[in-house]
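Protein chains in written order, with my numbering: chain X, 434 to 1190; chain L, 434 to 1190.
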């Protein structure tokens, strides 16, 4: 099914690669677009959540009787309203899930494991009553000691979050419980031998803090469950089918019972791939038999949704004096939050993946701590591990006196390289992005006092997965596309463009919508930079099927055999014949009733062959040596997109990823007090970059086509968040002549290093 | 595409033919179901309509300047906001449309043609402001004489509604304008010769009054048009694709720009096949750039939506003394309302269609009058013409002393009969319903004083048409169906049942929804009794395609060739092999990701081969000779359903049709005053039957399979409204020994006949 015999790489393209207006643009600018909190239903209740005040405690009892008596309270739920599951790990795209954990994260069962952990939820006729009712729920806790950092959590005497959790992936199998959920290892060759062959070995430890995706739209949903168990759910999500899957399991529904419609999404970045409010709203609606709307406030988003891991990492790299890397080794210890599932696997996969190495090893540990369970965050795990590796690469370049881009070019992964996580790579753009960086005027621009330039590369593997979409040819020759992956980064535009290119009709005549879960076969979520690649593949396939049908109809109308008809520029054309004869798509569509009926096609497939995307970023920083403040002076993000369907969106992804990386590098961090309470639960204290913090991010799109997509697309959304962490740290190190090994590079930390080394 | 090689007529069925709970039942009972007026959007305006106070007038000027200045008024529209069109007739299922008329009916242009005709519409921030604004619109009219009845309108000196309208279908072509829009004629043989061979000729004139469908839910919609011309429309309709088609033309949109979602529908009966508020709401939203909600009140529904024709008809039938009909002739003059389009074509087609005749003619005239433009009403045109024919048949039976069922049996149409409108009929159930009537205990039950029994038959041809639907197999083995024809009479249930029967999975695991216009290929509307037949055909086809895919996946998993796998009872089964081996649909679905991806199928076709449905009704009436009141004592409706997928719904259709026919026969009528104003614009004065007016309607379902549907389905929704008019009139005639020739048989009319003959 994934056979792309008709290659488009060489063909002259009319729409793909251009920059048309986006289909969702006006609605977003005018405020008409409907986000998670923007829908209402008659008779709707408001849902609110009671959250744990403790970082770690046993739940002794929950008494809801007083709250139930409050007039206006229509339903109260606790863990008894959710299904329980035995422990079982199931892959879920880039991450793994264990329903035993999900049900406990959605609603605390035996224990609360972080401040903000959901303990109960209520639905009431208005917000005031809901808030009053929350205060009337009496929960008795036995407070337990808590642990927040991986280095504390892995100690043998650390408070155990899960009494029965044995480390997976170690030999011999452990006999006692631990906070270390899992060990993973990737690599090949003999690293010790490699190090012994090196002229220089650099070894360093790094620390990164927990950071949040910082999507502007909080989690929100509206659920309506009928007395016969038929449910409608409107929510802001990256994956309505995944939401259906989780919610049906958690609540004992089957998939057909829950129809999920994804709202417009105000940012997700991986954080809207899991469920928080959705199963609560459904459970409350089921109990109250009324629609229930729920919204998180910003503090709830920070404390009770899924940020990414803070981590401790150790990196060791050996090189010859000519820059040839002889071995790379790293150990990654990632915070999982309250339940296992840190993105340490992908972190370990990607750590050394930009390079073509013969001796390489990456070991990762997934360690539970009393923080919210982490969720995916843009290239989950990648920025952390590659920050460490790319920092050491830079240090090596300095030490051996080699240009950091030349050092990377010398070791760059290329077509045929065996990636540290196993596969032989197809065509990839590491060398091309490095060369584009080297050729870019930015790289040779003069620097001012207290300024320096940093460089780093990033690798992300990208994914495919199960995908379905459909196309309809309307009676006037316009076209409808129904897609199953929410549009986060412009997929409505890119899908309409690919269909437009194939059909030969203007993009403005093609309307792409995101369908509900009843209308399409399963779609894995918008994540893993898979939408343009995977959904695009199905759109091209179904469009080609529709073209086949259009040709058939033209053949019928002309009374010729199908092989006498070709499709050119939005028209059927008679191949042989005395005079040229064509029929437009609109003319064929108008007569579809007479030639067999409406024209519609769909494509459902498990899309494989995602192409890894590589990026190289250049950043100039200026360090204020009096205050420790780091300013970004100039920034250039260069990335291999395979093929940029809509270059402006690709540039937006590069810019957005870079800015999130800048925030991670410079300011963002979860700050906990001694009680395990998060102290910075708002955007005033949790500092994401605002416009005035960053210069215009310059971008360069490199195009090394992915042979497994009809237009050569690689996912582009995740890679650009990877290089900024090391690029900025390298620049700050170079500007100060100190090696920095801890993020964020916030003024106090930079100043301390400057003053105390 | 319509090849039904696998017949189900003989096969033992598990689900089809049973009576499971309806998928939409609970939501309708609890009030959760969302009808046309039940949806809201942020920032929504309310739309209101200014209507003509005159039955016929020129519009000299419309001054909206004062209304525009009122604070809170956001948009005002008049005819300048709509496209104009040249006159062109286009078939639209059972009816024809002319966009030149539609645009003028939606918004009066040069003239107003009936009281209630839309002249302007406004959108304002609340209802009070909207009402105030309507009063501030200054319309100057030149009032013209009006005409309400066909016998007045066809006179040469009648006021002309359309100065340029020439009668179509007459030879020689007329040279001057007329209110007679069209003449149609069906038939064959030589009726004059037939009458000359008759022993008895009966000739009679009949009058029927204009009646309304009386759907409980008024027209309502919610439109939202973005600044870039992308529109969403929620409305109560029988055909969201047809609404899209009309609205896109009227407003200069293309089809892809308007996404129409059909609400639950609170009755339509043909009256929700056209547009009234929808284009107004879209135009107001486009102008105001805000969502606009519009609802009709009941008076607006009566005066400004589309009831069916009142008519004058003349019928002449000749018979031999043995009951053999030698010729049938009729002339039908139907009110079109303000614009041509009376259902006189289908009326003429069906008039004599229950009979196998050699000399037959039916002539119809479509005549415009100053009443609202008629719309389809359940078997449009059929009840009127067949009322005349079936009344004369009864009179003949009395005159020749023959049982009225025997007379009909003697002349009954059957397989091979050439219908008066041309085609040779396939298997049909006229004889079977007559025999079932004769055998029914009702037919031989004793009658009391002032009571009598009437019988009548009815024929409706039914239609197919363009239809699309899709099926998805969810990852847990449950199933989603997306249908494009709104569920009026239980189609969600019947579609799920047919899919259940094919797949072999319980109906409860199959979720049928009505998709929006972007999600499916074109669907003609729910009308012409086509949904169970046409949509059912596509559902069976796409389900069989999905089964083919399921078998393929099983073959892959078993590593056998596809021909080694059969589908039995919801399982793939290995045909040969040492031991029986099966795999359930759910097991296959769970592994779909590994075997190629999600499973989805769709079917789009122009469905042909609708089977005509025949019904025979028996009614006992009692006439109160003092007051003229007619009471229905007992009622039995017998009809050929081909195959009743869900018999309870078919019975409901038979009962509902009978009750609407009873209302038409006994009480319902549009009553106009001298000014052309409708005097009975509410359900207190326009008297539809309530529960206490009718006995329990007994039903008998006859099943003569339609060979063109996989389960033998015929449409059943329309036929049952045809027989009641004549059956009741015949019963009243027999009870009183007077021939009644005018409807409704309301107490004053019956009393007048009893007293004055």
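For glycine and all other residues, C-beta sits at the position ideal for the given N, C-alpha and C.
In this structure, residue 478(X) lies near residue 558(X), with their beta-carbon atoms less than 8 Å apart. Neighbours of residue 465(X) in chain L, taken as residues whose beta carbon is under 9 Å from its own, are 474, 475, 476, 657, 659, 660, 722, 723, 724 in chain order.
In terms of beta-carbon proximity, residue 671(X) stays away from the interface with chain L, with every pair separated by 8 Å or more.
Partner residues in the beta bridge of residue 798(X), as assigned by DSSP, are 616(X), 766(X). Proximity of chain X to residue 643(L) at the Cβ level (cut-off 9 Å) is not reached, the minimal Cβ distance being about 32 Å.
Annotated three-state conformation of residue 865(L) is helix, per DSSP. Residue 709(X) and residue 655(X) have their C-alpha atoms roughly 13 Å apart. Close to chain L, meaning a Cβ-Cβ distance shorter than 7 Å, is no residue of the region 970–993 of chain X at all. Restricting attention to 1177(L), 1135(L), 1049(L), the CA atom closest to the CA of residue 1120(L) is found in 1177(L). Contact between the region 1016–1032 of chain L and the region 974–991 of chain L is present: 3 or more CB-CB pairs across the two stretches fall below 8 Å. Burial is judged here by how many other beta carbons sit within 10 angstroms of a residue's own beta carbon; residue 608(L) has fewer than 16 and is exposed.
DSSP, reduced to helix, strand and coil, places residue 898(X) within a strand of the structure shown. Straight-line spacing of the CA atoms in residue 1114(X) and residue 689(L) works out to 44 Å.
For the region 944–959 of chain L, residues whose beta-carbon sits nearer than 7 Å to a beta-carbon of chain X comprise 944, 946, 948, 951, 952, 953, 954, 955. For a cut-off of 8 Å, the C-beta gap from residue 572(X) to residue 495(X) is around 5 Å, short enough to register as a contact. Approximately 7 Å separates the beta-carbon atoms of residue 1036(X) and residue 901(X); this is inside 8 Å, confirming the contact.
With its beta carbon at least 8 Å from every one in chain X, residue 694(L) lies outside the interface. Counting along the chain, the unbroken alpha helix (DSSP H) around residue 1082(L) starts and ends at 1080–1099.
Taking C-beta separations shorter than 6 Å and ignoring five residues to either side along the sequence, the partners of residue 998(L) in its chain run 984, 987, 988, 1005, following chain order. Just measuring C-alpha positions, the residue of 843(L), 726(L), 810(L) sitting nearest residue 666(L) is 726(L). Counting other Cβ atoms within 10 Å of its Cβ, residue 502(X) stays below 16 and is therefore classed as exposed. Taking a C-beta distance under 8 Å as the contact criterion, residue 893(X) and residue 1151(X) qualify as a contact pair. Taking a Cβ-Cβ threshold of 9 Å, none of the residues of chain X is close to residue 666(L); the smallest such distance is about 13 Å. The three-state secondary structure of residue 721(L), taken from DSSP, is helix. Under the DSSP assignment, residue 844(L) falls in the alpha helix (DSSP H) whose first and last residues are 837–844. Between residue 796(X) and residue 542(X), the gap from beta carbon to beta carbon reaches 8 Å or more.
By the rule that beta-carbons nearer than 8 Å mark a contact, residue 727(X) does not touch chain L.
No residue range can be given for residue 1139(X), since it is assigned to no beta strand (DSSP E) and is classified by DSSP as neither H nor E. DSSP assignment within the region 634–706 of chain L yields the following whole beta strand (DSSP E) runs of 3 residues or more, N-terminal first: 653–658, 664–668, 691–695.
Below the 9 Å Cβ cutoff, chain L contributes 908, 1025, 1026, 1030, 1031 as neighbours of residue 899(X), in chain order.
Here residue 755(X) is exposed: its Cβ has fewer than 16 other Cβ atoms, across all protein chains shown, within 10 Å. Interface criterion not met: the Cβ of residue 895(L) is under 8 Å from no Cβ in chain X. Cβ proximity to chain X below 7 Å picks out 909, 911, 912, 913, 915 from the region 909–924 of chain L. Residue burial is scored here from C-beta neighbours: residue 737(L) has at least 16 other C-beta atoms within 10 angstroms and is therefore classed as buried. Nearest to residue 1132(L) by C-alpha distance, out of 990(L), 875(L), 601(L), 662(L), is 875(L). Secondary structure within the region 948–1008 of chain L: the alpha helix (DSSP H) runs of 4 or more consecutive residues, fully enclosed, are 969–991 (chain order).
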